[in-house]
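J.: After the C-alpha coordinates below, expect a handful of questions from me.
Residue numbers (this note's numbering): 38 to 200.
What follows is the structure, given as C-alpha coordinates:
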(Lines of atoms letter the chains of each structure in order from A and count residues from 1; the text may use other names and numbers.)
(Lines give C-alpha, C1' and ligand atoms only; values in the text may rest on other atoms or scores of the structure.)
Protein backbone atom coordinates (compact mmCIF):
# COMPACT_ATOMS: atom_id res chain seq x y z
CA UNK A 1 0.00 0.00 0.00
CA UNK A 2 1.53 3.28 -1.09
CA UNK A 3 1.39 6.32 1.19
CA UNK A 4 -0.83 8.31 -1.20
CA UNK A 5 -3.65 5.74 -0.78
CA UNK A 6 -4.67 5.69 -4.46
CA UNK A 7 -1.39 4.84 -6.23
CA UNK A 8 -1.69 8.12 -8.17
CA UNK A 9 1.87 9.25 -7.39
CA UNK A 10 3.68 6.04 -8.42
CA UNK A 11 1.42 5.83 -11.48
CA UNK A 12 2.53 9.37 -12.42
CA UNK A 13 6.12 8.11 -12.23
CA UNK A 14 5.34 5.36 -14.75
CA UNK A 15 4.68 2.42 -12.43
CA UNK A 16 2.03 -0.04 -13.60
CA UNK A 17 -0.26 -0.08 -10.58
CA UNK A 18 -4.04 -0.08 -10.36
CA UNK A 19 -5.69 3.14 -9.28
CA UNK A 20 -7.77 2.52 -6.17
CA UNK A 21 -10.06 4.57 -3.95
CA UNK A 22 -9.04 5.62 -0.45
CA UNK A 23 -11.80 3.35 0.90
CA UNK A 24 -10.31 0.38 -0.97
CA UNK A 25 -6.88 1.30 0.40
CA UNK A 26 -8.39 1.24 3.90
CA UNK A 27 -9.91 -2.18 3.33
CA UNK A 28 -6.56 -3.41 1.99
CA UNK A 29 -4.79 -2.03 5.05
CA UNK A 30 -7.24 -3.79 7.38
CA UNK A 31 -6.67 -7.07 5.50
CA UNK A 32 -2.89 -6.67 5.80
CA UNK A 33 -3.17 -5.84 9.51
CA UNK A 34 -5.35 -8.90 10.15
CA UNK A 35 -2.42 -11.10 9.12
CA UNK A 36 0.17 -9.53 11.45
CA UNK A 37 0.71 -8.69 15.12
CA UNK A 38 1.73 -5.14 14.26
CA UNK A 39 1.16 -3.16 11.10
CA UNK A 40 2.32 0.44 10.78
CA UNK A 41 1.13 2.71 8.01
CA UNK A 42 2.51 6.22 7.66
CA UNK A 43 0.38 8.75 5.80
CA UNK A 44 2.43 11.84 5.14
CA UNK A 45 0.53 13.60 2.39
CA UNK A 46 -0.61 15.93 5.16
CA UNK A 47 3.02 16.95 5.68
CA UNK A 48 3.76 17.20 1.96
CA UNK A 49 0.67 19.34 1.34
CA UNK A 50 1.28 21.57 4.36
CA UNK A 51 4.90 22.20 3.37
CA UNK A 52 3.92 22.90 -0.24
CA UNK A 53 5.74 19.84 -1.61
CA UNK A 54 2.66 18.54 -3.45
CA UNK A 55 -0.02 20.71 -5.05
CA UNK A 56 -2.92 19.39 -2.98
CA UNK A 57 -5.58 21.26 -1.09
CA UNK A 58 -5.40 20.42 2.65
CA UNK A 59 -9.15 19.73 2.73
CA UNK A 60 -8.75 17.16 -0.05
CA UNK A 61 -5.93 15.47 1.88
CA UNK A 62 -8.01 15.28 5.08
CA UNK A 63 -10.95 13.89 3.09
CA UNK A 64 -8.65 11.21 1.63
CA UNK A 65 -7.48 9.99 5.03
CA UNK A 66 -11.06 10.16 6.31
CA UNK A 67 -12.21 7.94 3.43
CA UNK A 68 -9.31 5.53 4.06
CA UNK A 69 -10.20 5.36 7.74
CA UNK A 70 -13.78 4.57 6.73
CA UNK A 71 -12.50 1.58 4.72
CA UNK A 72 -10.33 0.39 7.62
CA UNK A 73 -13.23 0.63 10.06
CA UNK A 74 -15.56 -1.16 7.66
CA UNK A 75 -13.19 -4.10 7.10
CA UNK A 76 -11.45 -4.60 10.44
CA UNK A 77 -12.40 -7.27 12.96
CA UNK A 78 -12.49 -4.99 15.98
CA UNK A 79 -13.06 -7.82 18.45
CA UNK A 80 -9.55 -9.04 17.60
CA UNK A 81 -7.74 -5.95 16.29
CA UNK A 82 -6.70 -2.61 17.71
CA UNK A 83 -6.44 0.51 15.55
CA UNK A 84 -4.24 3.31 16.88
CA UNK A 85 -4.69 6.36 14.66
CA UNK A 86 -2.44 9.24 15.66
CA UNK A 87 -0.51 12.19 14.27
CA UNK A 88 2.99 13.08 15.38
CA UNK A 89 2.38 16.83 15.08
CA UNK A 90 0.12 19.44 13.58
CA UNK A 91 0.84 21.63 10.58
CA UNK A 92 -1.92 21.14 8.02
CA UNK A 93 -4.47 23.08 10.05
CA UNK A 94 -2.64 26.42 9.89
CA UNK A 95 -1.99 27.57 6.33
CA UNK A 96 -0.31 30.76 7.57
CA UNK A 97 2.76 28.76 8.51
CA UNK A 98 4.75 26.04 6.80
CA UNK A 99 6.31 24.70 10.01
CA UNK A 100 4.92 22.20 12.49
CA UNK A 101 2.46 23.64 14.96
CA UNK A 102 2.32 22.92 18.66
CA UNK A 103 -1.39 22.24 18.54
CA UNK A 104 -2.62 19.11 20.30
CA UNK A 105 -3.15 16.16 17.97
CA UNK A 106 -5.81 13.50 18.43
CA UNK A 107 -5.31 9.82 19.16
CA UNK A 108 -8.13 7.54 18.04
CA UNK A 109 -8.31 4.00 19.40
CA UNK A 110 -10.78 1.45 18.06
CA UNK A 111 -11.17 -2.21 18.91
CA UNK A 112 -9.73 -4.79 21.26
CA UNK A 113 -7.50 -3.21 23.91
CA UNK A 114 -8.60 0.38 23.27
CA UNK A 115 -9.37 1.08 26.94
CA UNK A 116 -6.20 -0.58 28.23
CA UNK A 117 -3.99 1.27 25.75
CA UNK A 118 -5.94 4.52 25.91
CA UNK A 119 -5.64 4.71 29.70
CA UNK A 120 -1.86 4.85 29.27
CA UNK A 121 -1.78 7.70 26.73
CA UNK A 122 -1.65 11.32 27.85
CA UNK A 123 0.91 12.59 25.32
CA UNK A 124 2.37 11.54 21.97
CA UNK A 125 5.40 10.11 23.78
CA UNK A 126 3.10 7.63 25.56
CA UNK A 127 1.82 5.97 22.37
CA UNK A 128 4.74 3.65 21.62
CA UNK A 129 5.25 2.41 25.20
CA UNK A 130 1.51 1.78 25.58
CA UNK A 131 1.32 -0.21 22.33
CA UNK A 132 4.48 -2.18 23.17
CA UNK A 133 3.08 -3.08 26.61
CA UNK A 134 -0.17 -4.17 24.99
CA UNK A 135 1.66 -6.32 22.42
CA UNK A 136 3.98 -7.92 24.99
CA UNK A 137 2.49 -11.20 26.24
CA UNK A 138 1.96 -11.23 29.96
CA UNK A 139 2.86 -14.38 31.90
CA UNK A 140 -0.41 -15.53 33.53
CA UNK A 141 1.67 -17.21 36.27
CA UNK A 142 4.49 -14.80 37.03
CA UNK A 143 7.30 -16.30 39.04
CA UNK A 144 8.14 -14.38 42.20
CA UNK A 145 11.71 -13.21 42.58
CA UNK A 146 13.69 -15.66 44.70
CA UNK A 147 14.26 -14.61 48.28
CA UNK A 148 17.66 -14.68 49.97
CA UNK A 149 18.50 -18.28 50.70
CA UNK A 150 16.50 -19.51 47.68
CA UNK A 151 19.23 -19.41 45.06
CA UNK A 152 19.97 -15.75 45.73
CA UNK A 153 22.43 -14.10 48.08
CA UNK A 154 22.35 -10.44 48.97
CA UNK A 155 25.59 -8.49 49.16
CA UNK A 156 26.17 -5.87 51.82
CA UNK A 157 24.35 -3.27 49.67
CA UNK A 158 21.26 -5.48 49.29
CA UNK A 159 21.91 -6.39 45.66
CA UNK A 160 21.08 -9.95 44.65
CA UNK A 161 23.56 -12.37 43.12
CA UNK A 162 22.72 -15.84 41.85
CA UNK A 163 24.34 -18.78 43.62
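The beta carbon of each residue, even a glycine, is placed where N, CA and C say it ideally should be.
Values in this document were obtained by computation on a predicted structure and should not be read as measured data.
Considering only DSSP beta bridges, list what residue 96 is partnered with.
T.: Paired residue(s): none; residue 96 is not in a bridge.
J.: Could you check if residue 132 is buried or exposed, using at least 16 other CB atoms within 10 Å of its CB as the buried criterion?
T.: The residue in question, residue 132, is exposed, as its Cβ has fewer than 16 Cβ neighbours within 10 Å.
J.: If you scan the stretch 115-168 from start to end, which runs of the alpha helix (DSSP H) of 4 or more residues do you find wholly inside it?
T.: Whole alpha helix (DSSP H) segments, 4+ residues: 151-155.
J.: With a Cβ-Cβ cutoff of 8 Å, do residue 147 and residue 167 count as a contact?
T.: It is not a contact, given that the beta carbons lie outside the stated cut-off.
J.: I'd like the list of long-range same chain contacts for residue 123, defined as Cβ closer than 8 Å, with 5 residues on each side in sequence excluded.
T.: For residue 123, where only same-chain residues beyond five positions count, the Cβ hits under 8 Å are 142, 143, 144, 145, 161, 164.
J.: So what's residue 38 in DSSP terms, helix, strand or just coil?
T.: Coil at residue 38, not helix or strand.
J.: Report the option in 67, 170, 73, 46 whose CA atom is closest to the CA atom of residue 81.
T.: Closest option to residue 81, Cα to Cα, is 46.
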